[in-house]
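In my numbering, the protein residues as written are 224 to 290. Every residue gets a Cβ at the ideal spot worked out from N, C-alpha and C, and that includes glycine.
This is the structure:
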């Protein structure tokens, strides 16, 4: 039973892979993967740097002292 998209069977090309080697991404899918990873890295880096600015050095270890 094949999956369908708008009434048409989904092909390997729709998934961004080659029919004879489904573990290899097509060039467009590979570029999309790289773009996605760059975006995620940028977002995470930005969030981590803003989180670092919220933590004051004197606050580090306070949780352990309160126990």
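Cβ-based neighbour list, residue 263, same chain, cut-off 8 angstroms, excluding 5 preceding and 5 following:
none
In this structure, does DSSP put residue 235 in helix, strand or coil?
coil
Alpha carbon to alpha carbon, how far is residue 256 from residue 231?
25 angstroms
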